[in-house]
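Encoded as C-alpha cells, the structure appears first; notes follow it.
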Amino acid sequence: MNFGGSRCLECDKGAGQGHTAIRGRSGTGPRSAWQPTRTLSPSPAPTEALPVASPEAQEPGETPAKESQAAMGAEGTKAPAPPVQKSWLVRHFSLLLRRDRQAQKAGQLFSGLLALNVVFLGGAFICSMIFNNVAITLGDVWILLATLKSLSLLWLLYYTAGTTRQPHAVPHQDPHAGPIWVLGSLVLFGSCTICLNIFRVGYDISHSDCKSQLELIFPAIEIIFMGVQTWVLWKHCKDCVQVQTNFTRCGLMLTLATNLLLWLLAVTNDSMHHEIESELNTLMKKFSGNDTNTCLCLNVTICKVFQKGYLMLYPFSTEYCLICCAVLFVMWKNVGRRLAPHVDGHPRTPPFHLHGAIFGPLLGLLVLVAGVCVFVLFQIQASGPAIARQYFTIYYAFYVAVLPAMSLACLAGTAIHGLEERELDTLKNPTRSLDVMLLMGAALGQIGISYFSIVAIVATRPHEGLNRLILAYSLLLILQHIAQNLFIIEGLHRRPLWEAAPESLAGKREAEPPRRGSLLELGQDLRRASLAYIHSYSHLNWKRRALKEISLFLILCNITLWMMPAFGIHPEFENGLEKDFYGYRTWFTIVNFGLPLGVFYRMHSVGGLVEVYLAA
7 MNFGGSRCLE CDKGAGQGHT AIRGRSGTGP RSAWQPTRTL SPSPAPTEAL PVASPEAQEP
67 GETPAKESQA AMGAEGTKAP APPVQKSWLV RHFSLLLRRD RQAQKAGQLF SGLLALNVVF
127 LGGAFICSMI FNNVAITLGD VWILLATLKS LSLLWLLYYT AGTTRQPHAV PHQDPHAGPI
187 WVLGSLVLFG SCTICLNIFR VGYDISHSDC KSQLELIFPA IEIIFMGVQT WVLWKHCKDC
247 VQVQTNFTRC GLMLTLATNL LLWLLAVTND SMHHEIESEL NTLMKKFSGN DTNTCLCLNV
307 TICKVFQKGY LMLYPFSTEY CLICCAVLFV MWKNVGRRLA PHVDGHPRTP PFHLHGAIFG
367 PLLGLLVLVA GVCVFVLFQI QASGPAIARQ YFTIYYAFYV AVLPAMSLAC LAGTAIHGLE
427 ERELDTLKNP TRSLDVMLLM GAALGQIGIS YFSIVAIVAT RPHEGLNRLI LAYSLLLILQ
487 HIAQNLFIIE GLHRRPLWEA APESLAGKRE AEPPRRGSLL ELGQDLRRAS LAYIHSYSHL
547 NWKRRALKEI SLFLILCNIT LWMMPAFGIH PEFENGLEKD FYGYRTWFTI VNFGLPLGVF
607 YRMHSVGGLV EVYLAA
C-alpha cells in the first residue's frame with residue numbers, strides 16, 4: 007500500500023513537472039532545462055514535452071516503461087497541426103513577385119509573336135518572288151526589307167541613346183554572354199558584309215547606263231544598318247535591362263526577325279550570280295563576234311574586281327546574320343533578368359597555358375600548314391577559267407586524311423571523360439544549354455549537304471575515282487560531326503577542376519562543427535586538406551594531359567576547316583556533280599543554307615573546345 011501510494015504521488019509529481027514544462031514552453035512560466043530544442047518541427051508544444059518523472063523518483067526497470075507508454079499515449083491523442091499563417095507583408099511580396107513573373111512571360115510572348123508575324127510576312131514575300139516573280143519582284147522584297155531595317159535602326163539608336171542612359175537601366179551584366187570569339191566573329195563578318203555591299207555599289211555604278219539609280223539606295227541603307235548594329239551589339243551584348251522591358255523585347259525581336267529575313271534572302275536569291283554569269287557569257291560571245299545588246303561594264307578590269315570580291319564575300323553576309331540572331335536572342339533572354347551580387351562579376355577561369363602539351367599542338371600545326379597549302383593551290387587554280395580535276399582530288403584527299411584523325415581523337419576524348427572522376431555539373435545553366443543547342447543546330451548544315459551529295463553520287467556515277475573520294479568525304483564528315491559533338495557536350499557538362507576543389511573543401515568545413523583553435527592547428531588542417539586534394543587528383547594527371555592534347559589538336563583542326571570554306575571558292579558548288587543533278591537554283595539554296603552553318607559550327611566548336619581545355 008505504501009508503495010502504491012508513493013508511486014501515485016510520484017506519478018502526480020511527474021505529471022506536475024510535465025505541466026510546468028509545458029507552461030514554460032508556452033511562455034507563462036520558466037522553461038525546463040531538460041527539454042530538447044526542436045526548431046525544425048512545426049507541431050504544437052504538448053506533443054514535444056512529454057510528462058517524465060524527476061530524476062530523484064526514477065526507478066530502474068519501471069520508469070522507462072511508463073515513459074514509453076506515456077509517449078505512445080501522447081502520440082495517439084495528438085491533434086493535427088494548424089496551418090501556418092503568413093504575415094501580410096509576406097503575402098503582399100509574393101503577390102508582387104508572381105505578378106512580375108507573369109508580366110515578364112506576357113512580354114516575352116508578345117514580342118515572340120511579333121517576330122513570328124514579321125518572319126512569316128517576309129517569308130511570304132520571298133517565296134512569292136521565287137515562285138511568281140511577275141507579281142512580287144525583287145524590288146518589292148528590297149522595299150520591305152529596307153522598311154524593316156529602318157525601323158530596327160531607329161530602335162538601335164534609341165536603345166543606345168535613351169534606354170541605357172536611364173537611371174538603374176542596366177544594374178548588372180551577364181558575364182557569360184558575348185564571349186570574345188563571338189564578338190570577334192561579329193566584327194570580322196560585319197566588316198566583310200559592309201565590304202560586300204561596297205563591291206555591290208561599285209558594280210551597280212559601273213553599270214549605271216542600264217541600271218536605275220534607286221538600286222543604290224538599298225545597299226547604302228544596309229551598310230548603315232550593319233555598321234550601327236555591329237557597334238550596338240559589341241557594346242551592349244551583356245546588358246540585363248530593367249527599364250522599358252516590353253519595348254526593348256519588341257525591338258530586339260524586330261531586329262532579330264530582320265536579320266533572319268536577310269539571311270533567308272541571301273540563301274535563296276541568286277539573281278546577282280545569274281547576272282554575273284550572263285555577263286561573262288555575253289563577253290565571250292562578243293569576243294567571238296556575236297554581239298548582243300546586253301548591259302555590259304565599261305571597264306572590264308574594275309568590273310572583274312567587283313565580281314570576284316562579291317562572289318568571295320557573299321557567304322560572310324549569311325554568317326553575319328546568323329551570329330547577330332544568336333547575340334540578339336541572348337540579349338532578349340536577359341531583359342528583366344536579375345542576377346545575384348556574386349554572379350555579377352566575370353567568371354573565374356584560369357589563364358590559357360599549354361601545361362606541357364606537345365603532341366596535340368604539333369599535329370594541329372601540321373594540319374594547319376597542310377590546309378593552308380591546299381587552300382592556296384585551290385584558290386590559284388580557281389582564279390582561272392576552269393578548275394582541273396586533280397585539284398579537286400587534292401582538296402578532298404586532304405579532308406579524307408584529316409577527318410578520320412579528328413573522329414578518333416574525339417572518340418578517345420569521350421572515353422577518357424567516362425574514366426574521369428570529376429562530377430557532372432547538373433545545375434541549370436542557360437548559357438551552356440544555348441551553347442549545346444547552337445552546336446547541334448549548326449552541325450545540321452554540313453550534315454545536310456553531305457546527305458544531298460551522297461544521294462547525287464549514288465544515283466549517278468558512284469564508280470568514278472573523284473566521286474568515290476567525294477562519297478568518302480561526305481560520310482567521314484557526318485561521323486566527325488557526331489563524334490565531336492559528343493566530346494564537346496560531355497566536356498561542357500563536367501565540373502571544372504578549379505571549381506571542384508574549393509567546393510569540396512567548403513563542404514568539409516561546413517560538415518565540421520565550429521571550434522576555436524590556434525594558428526598551428528589551422529596550418530595543420532590546411533596541410534591535411536592539400537594532401538587529400540593531391541591524393542585525390544594526382545592519379546588523373548595522365549587523363550587531364552590527354553584531354554588537353556586532344557583539345558588543342560581539335561582546336562587547330564577546326565580553325566583549318568573553318569578557314570577553307572570561309573575565305574575561298576567552294577568546291578561543293580564548283581565540281582558540277584550536285585549542280586547538274588539537283589539544278590542550279592536548288593543546289594544554290596542548299597549550299598548557301600548549309601555552308602554558313604558549317605562555318606558557324608567550326609567557330610562555335612573552337613569556343614567549346616577552349617572551355618573543355620580550360621576545364622581539364
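Each residue of the sequence shown is one higher than the one before, starting from 7 at the first, in the working numbering.
Backbone N, C-alpha and C define an ideal beta-carbon position, used for all residues, glycine too.
Residue from the options with nearest C-alpha to residue i
| i | options | result |
| --- | --- | --- |
| Ser413 | Ser456, Ala376, Ile484 | Ile484 |
| Ser611 | Gly454, Met443, Ser456 | Met443 |
| Leu317 | Phe606, Asn598, Ala394 | Asn598 |
| Tyr590 | Ile494, Pro410, Thr274 | Thr274 |
| Val380 | Thr307, Pro571, Gly342 | Pro571 |
| Met232 | Ile400, Arg107, His213, Val193 | Val193 |
| Val258 | Gln387, Leu122, Lys554 | The residue asked about is misnamed: residue 258 is Leu in this sequence, not Val. Residue Leu122 is the option with its Cα nearest to Leu258. |
| Asn473 | Tyr402, Ala448, Ser439 | Tyr402 |
| Arg206 | Pro225, Ser214, Val616 | Pro225 |
| Ala175 | Ala552, Leu603, Ile422, Val341 | Val341 |
| Leu324 | Glu617, Tyr619, Cys303, Ile596 | As written in the sequence, residue 324 is Thr, which differs from the Leu given in the question. Looking at the Cα atoms, Ile596 is the closest of the given residues. |
| Leu334 | Cys246, Ile455, Gly454, Gly366 | Cys246 |
| Ile200 | Gly315, Gly118, Leu440 | Gly315 |
| His178 | Val464, Arg343, Asn547 | Arg343 |
| Asp180 | Asn138, Met337, Trp161, Ser117 | Met337 |
Same chain, Cβ closer than 8 Å to residue i, neighbours up to 5 away in sequence not counted
| i | result |
| --- | --- |
| Leu163 | Val234 |
| Asp146 | Phe131, Met135 |
| Met569 | Gly377, Val378, Phe381 |
| Ile230 | Leu159 |
| Met78 | Because Met78 carries a pLDDT of 47, less than 50, the predicted location of this residue cannot be relied on, and no value is offered for it. |
| Ala418 | Ala552, Ile556 |
| Ala272 | Tyr320, Ser323, Thr324, Cys327, Asn598 |
| Tyr457 | Ser480, Ile484 |
Rounded straight-line distance, which links the Cα of residue j to that of residue i
| i | j | result |
| --- | --- | --- |
| Gln114 | Val378 | 46 Å |
| Ile488 | Ile211 | 47 Å |
| Ser459 | Lys585 | 10 Å |
| Thr170 | Val249 | 9 Å |
| Gly497 | Leu151 | 41 Å |
| Leu159 | Thr236 | 11 Å |
| Leu492 | Ile204 | 41 Å |
| Leu260 | Cys331 | 11 Å |
| Thr490 | Ile149 | The sequence as given places Gln at residue 490; Thr does not occur at that position. In a straight line, the C-alpha of Gln490 is about 42 Å away from that of Ile149. |
| His499 | Leu425 | 14 Å |
| Leu475 | Gly600 | 20 Å |
| Met609 | Leu144 | 32 Å |
| Thr420 | Arg551 | 14 Å |
| Leu127 | Arg107 | 31 Å |
| Arg37 | Leu101 | Low local confidence applies: a pLDDT of 42 at Arg37 is under 50, so the model's placement there is unreliable, and no value is given. |
| Thr466 | Ser191 | 39 Å |
| Phe195 | Trp187 | 12 Å |
Contacts around residue i, its chain only, beta-carbon distance under 6 Å, and the 5 residues preceding and following it disregarded
| i | result |
| --- | --- |
| Val140 | none |
| Cys327 | Asn265, Leu268, Trp269 |
| His166 | Reading off the sequence shown, one finds Thr at residue 166, where the question assumed His. Same-chain partners within the cutoff: Val238. |
| Val124 | Ala263 |
| Phe384 | Tyr397, Tyr401 |
| Cys309 | Ser212, Cys303 |
| Asn252 | Gly113 |
Buried or exposed (CB count within 10 angstroms, at least 16 for buried), residue i
| i | result |
| --- | --- |
| Lys241 | exposed |
| Met446 | exposed |
| Lys111 | exposed |
| Cys216 | exposed |
| Thr254 | buried |
| Gln396 | exposed |
| Pro577 | buried |
| Ile223 | exposed |
| Ala39 | Because Ala39 carries a pLDDT of 40, less than 50, the predicted location of this residue cannot be relied on, and no value is offered for it. |
| Leu119 | exposed |
Same chain only: Cβ atoms within 7 Å of residue i, ignoring 5 sequence neighbours per side
| i | result |
| --- | --- |
| Ile623 | Summary: the structure shown does not reach residue 623, with the chain confined to residues 7 through 622, and so no result is reported for it. |
| Pro410 | Leu482 |
| Val373 | Val408, Leu562, Cys563, Thr566 |
| Gly604 | Gly451, Gln452, Pro571 |
| Thr399 | Leu472, Leu475 |
Rounded Cβ spacing between residue i and residue j (contact assumed at less than 8 Å)
| i | j | result |
| --- | --- | --- |
| Gly614 | Pro185 | With 8 Å as the limit, Gly614 and Pro185 do not qualify as a contact, their Cβ atoms being about 10 Å apart. |
| Ala448 | Phe579 | Not really, about 20 Å apart at Cβ, beyond 8 Å. |
| Lys549 | Ile422 | 5 Å |
| Cys256 | Ala183 | Contact flag wrong, Cβ pair sits at about 20 Å. |
| Leu369 | Phe559 | 5 Å |
| Ala462 | Tyr588 | 7 Å |
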